[in-house]
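Take a look at the structure set out below.
There are 2 protein chains.
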Amino acid sequence: MEKIEIPRKAVYRLSVYQRCLQRLRENGVETVSSEALAKAAGVKSTQLRKDLGYVGQFGTRGLGYSVETLGEAITAALGSTRLQPVVLVGVGNLGSALLHYSGFKKEGFEVIAAFDSHPVKERVRGTGVPLYDAAEMASYIASHAVKMAILAVPATHAQTVANQLVAAGVQAVLNFSPTVLEVPDNVYVNNVDLAIELESLSYFIR
Amino acid sequence: MEKIEIPRKAVYRLSVYQRCLQRLRENGVETVSSEALAKAAGVKSTQLRKDLGYVGQFGTRGLGYSVETLGEAITAALGSTRLQPVVLVGVGNLGSALLHYSGFKKEGFEVIAAFDSHPVKERVRGTGVPLYDAAEMASYIASHAVKMAILAVPATHAQTVANQLVAAGVQAVLNFSPTVLEVPDNVYVNNVDLAIELESLSYFIR
DNA sequence: ATATGTGAACGGCTTCACAGCC
DNA sequence: GGCTGTGAAGCCGTTCACATAT
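Those protein sequences? They're chains A and B, same order as listed.
Once you know that position 182 of the first sequence is 182 in the numbering used here, the rest is easy, because the numbers rise by one and skip nothing.
With the second sequence counted from 1, adding 1000 to any position gets you the numbering used here.
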């Protein structure tokens, strides 16, 4: 069973399509054309069909796609039909906000634990997420077979913590620290740098 | 005076370079080679030089770049050498976290006001950012000539609020809502969707 | 000798055009 | 007729190779 690599950009868009489908399903829509779905996702219809081509083929020509079937297919392709466990490291301002952000669970992720070098229980109140000292991180990750981590520590500590995460078995990191992380090729990193997002935008304002 | 369009991706990377330069400057480094800077930014040296080519040419062959001069040049190219005013709309979990996030100011942005349909003073405590009712948003933006906004409202309201922002004169939006915003061509949007970042990552873990 | 600047080659993603199926 | 699926074409961004400057 070999897995054809889906381009990173396509993977990203597939996630977007899935969310759109979810919304359609909630509204009781059963069938959708590539044209309509593409518009909802903000892409061209040809692009949408190309992307779906990576996953398989399950449209009905002349009609469109079954919202139900397509949604399942994408979920299957992207993996994780059930909740994927994630840990969060760094419970500062940003970290604690992310904990309070309820959007993750809805999309199939569960933050099962948070770690900080100076745990402040206050910050996780009301989230139901247990908070541990950073020293326990490695063993927790290993024993719970956690594969994904959200990194929200200060830039100065980011690389060090990332190394620990990788050593403990983490394969994918969502990095909020304003640093370029050095990781092995088999570890994937998505960077979210709020300041840079703003800064790059500012070029475009006249 | 015409402005050659710099590709969006290059603009983004230039922001990254600028941050690296800033750090070098703090460390008293005066000169840097494309090789070294590229490594710090996580790109290839040829790419770095290509990107700098969009801005101008101020390297010394055989030597490298002056950290000082290069920094200034990039700042000039990206605009905004002084603090750019920004408003934040939607002070929920995420929004209030962003307010508490101190990284913006350091990078040249100042959140000068926050708006919410149900203002809860509690949430802005300690940030020094004034909080107003959403009803006052349009007039505030217009009278303060605000050109950038951070959007952190629920998906259901995102488009409506975006329309108001655009109508009031906002030209660039950093959108945290999980929605595809429809805006005029002359308005730029950067999307940050935390759930989708995680989801697209999850495909790559074995 | 060393490092920049840039035209040319390359590669991957997007778009087009159209064949195939309902 | 309408809409999907896909090879081919086109486009944009990255990388290479090397001329050029100090």
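Think of the CB as a built atom: it goes at the ideal place given N, C-alpha and C, for glycine as much as any other residue.
All values reported here derive from a predicted model rather than from experimental measurement.
Can you check whether the C-beta of residue i is within less than 9 Å of a C-beta belonging to chain B?
i, result
"residue 147/A", "yes"
"residue 41/A", "yes"
"residue 2/A", "With a pLDDT of 42 at residue 2/A, under the threshold of 50, the modelled position of that residue is not reliable, and the figure given next carries that caveat. No, because no Cβ of chain B sits closer than 9 Å to the Cβ of residue 2/A."
"residue 56/A", "no"
"residue 112/A", "no"
"residue 25/A", "no"
"residue 97/A", "yes"
For residue i, return the contacting residues in chain A, with the cut-off set at a CB-CB distance below 7 Å.
i, result
"residue 1015/B", "196, 199, 200"
Run through chain B and tell me which residues come within less than 7 Å of residue i, C-beta to C-beta.
i, result
"residue 100/A", "1093"
Would a check of beta-carbon distances place residue i closer than 9 Å to chain A?
i, result
"residue 1018/B", "yes"
"residue 1115/B", "no"
"residue 1125/B", "no"
"residue 1049/B", "no"
"residue 1139/B", "no"
"residue 1061/B", "no"
Taking residue i as the query, report the chain A residues whose CB atoms sit under 8 Å from its CB, ordered along the chain.
i, result
"residue 1012/B", "196, 200"
"residue 1107/B", "195, 196, 198, 199"
Which chain B residues are close to residue i, counting only those with a beta carbon under 8 Å from its beta carbon?
i, result
"residue 35/A", "Ordered by position in chain B, no residue passes the 8 Å Cβ test against residue 35/A, which lies about 15 Å from the chain."
"residue 103/A", "1178, 1194, 1195"
In chain A, what lies closer than 9 Å to residue i by C-beta?
i, result
"residue 1162/B", "Correct list: empty, because the minimum Cβ distance to chain A is about 13 Å."
What are the uninterrupted segments assigned as alpha helix (DSSP H) that are 4 or more residues long and contained completely in the stretch 36 to 89 of chain A, given in chain order?
-> 45 to 55, 67 to 78
Would you say the stretch 1073 to 1090 of chain B touches the stretch 93 to 107 of chain A, given that touching needs at least three Cβ pairs under 8 Å?
-> Taking one beta carbon from each stretch, the stretch 1073 to 1090 of chain B and the stretch 93 to 107 of chain A have fewer than 3 pairs nearer than 8 Å; the two do not touch.
Could you name the residues of the stretch 1173 to 1205 of chain B whose beta carbon sits closer than 7 Å to any beta carbon of chain A, in the order they occur along the chain?
-> 1174, 1178, 1180, 1188, 1190, 1192, 1194, 1195, 1196, 1197, 1198, 1199, 1200, 1201, 1202, 1203, 1204, 1205
Indicate whether the contact test is met: 3 or more Cβ pairs, each with one atom in the stretch 127 to 145 of chain A and one in the stretch 157 to 177 of chain A, closer than 8 Å.
-> Judged by Cβ distances under 8 Å, the stretch 127 to 145 of chain A makes contact with the stretch 157 to 177 of chain A, as three or more pairs qualify.
Contact residues within the stretch 1064 to 1090 of chain B, judged by C-beta distance below 8 Å to chain A = Correct list: 1077, 1078, 1079, 1080, 1084, 1086.
Contact the stretch 33 to 51 of chain A vs the stretch 5 to 21 of chain A: 3+ CB pairs below 8 Å = Per the Cβ contact rule, the stretch 33 to 51 of chain A is in contact with the stretch 5 to 21 of chain A (3 or more Cβ pairs under 8 Å).
Stretch-stretch touch, CB-based, cutoff 8 Å, three pairs: the stretch 1191 to 1206 of chain B with the stretch 168 to 180 of chain A | yes
Are the stretch 1052 to 1069 of chain B and the stretch 1027 to 1036 of chain B touching, with three or more C-beta to C-beta distances below 8 Å?
-> yes
Pairing CB atoms from the stretch 1099 to 1117 of chain B with CB atoms from the stretch 188 to 195 of chain A, are three or more of them under 8 Å?
-> yes
Tell me the start and end of each unbroken alpha helix (DSSP H) in the stretch 1085 to 1119 of chain B that is at least 4 residues and wholly inside, in chain order.
-> 1093 to 1100, 1103 to 1106
Complete runs of the beta strand (DSSP E) confined to the stretch 1152 to 1196 of chain B [at least 3 residues] | 1172 to 1175, 1188 to 1191
Fully enclosed by the stretch 117 to 150 of chain A, which alpha helix (DSSP H) runs are 4 residues long or longer?
-> 137 to 144
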